[in-house]
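Report on the structure given below.
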Amino acid sequence: MTSKQITRALTGAGWHVHDVMDIMLDHLPVREGESQIIHESETSDNIISVRNVSKSYGPKIIALDNISLGVKRGSITALLGPNGAGKTTLIRLMTTLLVPDSGAIRVAGYDTVRQAQKLRGAIGLAGQYVAVDETLTGQENLEMVGRLYHLSPSESATRAKGLLLKFDLQDAADRPVKTYSGGMRRRLDLAASLIARPAVLFLDEPTAGLDPRSRFMLWQTIRELVEQGTTVLLTTQYMEEADQLAHHIIVIDHGHIIAQGTADELKRQVGGDILELHVSERDKAHQIAALVSKYGISEPRVNKETGVITVPVEGGASILVDVIRDADAEDLKLLDIVLRRPSLDDVFLKLTGHTAI
Ligand SMILES: Nc1ncnc2c1ncn2[C@@H]1O[C@H](COP(=O)(O)OP(=O)(O)O)[C@@H](O)[C@H]1O
Ligand SMILES: [Mg+2]
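All residue numbers for the sequence shown refer to the working numbering, where the first residue is 706 and numbers rise by one.
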């Protein structure tokens, strides 16, 4: 029986959740040194090190192909990549939920395979899918997680309250989770992963499907945790999220790391500026692309959905005048023409030849 099933059975039988929790806590093995949230056992600069790790699902699907990376202690690092890139697989390997086919991973000083149990005591994880107990209220769920991480009852309660407020769940705090909407569950799951201030916090696509306000609150909470010494590794498909939040970005596609650095370093790889053209007639987009190709330092791209043409250019604003003149001469109408700094989307496009989402 899992602790969840036990809790559900006993609370269903009329027990109060606190009594259930107390019994469970009495029977939890408290391991020496693991009740402390921040571990100092990793001495190097990197609190996570991944060395030559590969992972396949069956003979055909190579999810990760010889990946190596380091995550600096105290940083926010983003694994950025489209669906199927291998992000969740990497998070599951780093959090001991999967075993690598080859290579080795250390987190907070522990090997993910040989010291899995100790490692779990040092980390927090919010998975891509929500894991909260339906029968307990929001407050109870958070308190239980706090107690399981060896926070005192009063600290668990205080932190639970604070996090419920942060994620706009205070009005629903005393309602069972089964009455929560999908978005509320997601926020509660995130709050649960934040309760214990672990040494390393893993967040798998934490803001997928969140409303802008909750996304902002989560970013704030992540920054606060990092200020207090937690290292955060998160995955995201959102360029903007990586750009705003992460100190270090690791771009991953098809199981390979294709680039890494700060947002600025990555953008500098594109070079120059991006000329962006919006057309009123979609079917003319390719004609315009051909027209501007002579100004580009690489080939122009046409976004099939939006009809927007982008091309990296050098030489500044005078290009705008030239392009407008050329378009006029061929009687092609432009709705808008912009010269802007490269975004991470442009980086991704340049590196992979396709857009991230
Ligand atoms: N349990 C599984 N069984 C088979 N294939 C899987 C499984 N989990 C993931 N995959 C495949 O592995 C690749 C990487 O998936 P995943 O790590 O979930 O990527 P991401 O999180 O970046 O979307 C994808 O091709 C996916 O279809
Ligand atoms: Mg995933």
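Note that CB positions come from ideal geometry on N, CA and C, so glycine has one too.
With respect to the 7 angstroms criterion, N771 and S780 are not classified as neighbours on the basis of their beta carbons. For the pair of segments examined, the segment 762–776 was found to touch the segment 956–972: the number of CB pairs separated by less than 8 angstroms reaches three. In the DSSP annotation of this structure, the continuous segment of the beta strand (DSSP E) that includes V758 starts and ends at N751 to Y762. No heavy atom of ligand 2 is found nearer than 6 angstroms to the CB of T941.
The three-state secondary structure of R797, taken from DSSP, is helix.
Scanning the segment 819–870 for uninterrupted alpha helix (DSSP H) segments of 4 residues or longer gives 821–827 and 843–853, listed from N- to C-terminal end. For T884, the secondary structure class from DSSP, reduced to helix, strand or coil, is helix. Annotation: D876 is outside any beta strand (DSSP E) and is labelled neither H nor E by DSSP. For the pair V975 and R1046, the Cα-to-Cα distance works out to about 10 angstroms. The beta carbon of F907 sits closer than 6 angstroms to those of I796, T800, L830 and L938, all from its chain and outside the five residues before and after it, given in chain order. Taken atom to atom, the span from the alpha-carbon of V1013 to that of L980 is near 10 angstroms. Counted as a single uninterrupted DSSP element, the stretch harbouring E932 is not any beta strand (DSSP E) but the alpha helix (DSSP H) occupying residues P917 to E932.
With fewer than 16 neighbouring CB atoms inside 10 Å of its own CB, P917 falls in the exposed class. DSSP places R811 inside the beta strand (DSSP E), whose first and last residues are S807 to V812. Contact annotation: D958 and G786 have beta-carbon atoms nearer than 7 angstroms.
Partner residues in the beta bridge of D816, as assigned by DSSP, are R811. Bridge partners of E981 according to DSSP: T1015 and V1043. Judged by DSSP in its simplified three-state form, I1024 adopts helix. Short note on G914: C-beta not closer than 6 angstroms to any heavy atom of ligand 1. In this structure, V905 sits away from I810, with a CB-CB distance that is not shorter than 7 angstroms. Relative to ligand 2, the beta carbon of K792 is positioned inside 6 angstroms of a heavy atom. A contact is defined here as three or more CB-CB pairs under 8 angstroms, and the segment 810–823 fails this definition with respect to the segment 983–996. If you check the CB distance, L869 and Q875 come in under 7 angstroms. In this structure, the straight-line span from the alpha carbon of K871 to that of L769 is close to 36 angstroms. With contact defined as three or more Cβ pairs closer than 8 angstroms, the segment 1015–1024 and the segment 927–946 are not in contact. The segment 943–955 makes no contact with the segment 891–898, as fewer than three CB pairs between them are under 8 angstroms.
Here V1007 carries a strand assignment [DSSP, helix/strand/coil]. Per the DSSP secondary-structure output, K777 pairs in a beta bridge with N751.
Between T940 and L784, the gap from beta carbon to beta carbon is short of 7 angstroms. Only exposed fits R928, as fewer than 16 other CB atoms lie within 10 angstroms of its CB. The C-alpha of E970 is placed about 47 angstroms away from the C-alpha of D879. Burial state of A995 is exposed, judged by a 10 Å Cβ sphere holding fewer than 16 other Cβ atoms. Assigned with DSSP and collapsed to three states, Q942 falls in coil, not helix or strand. At least one heavy atom of ligand 1 is found less than 6 angstroms from the C-beta of A768.
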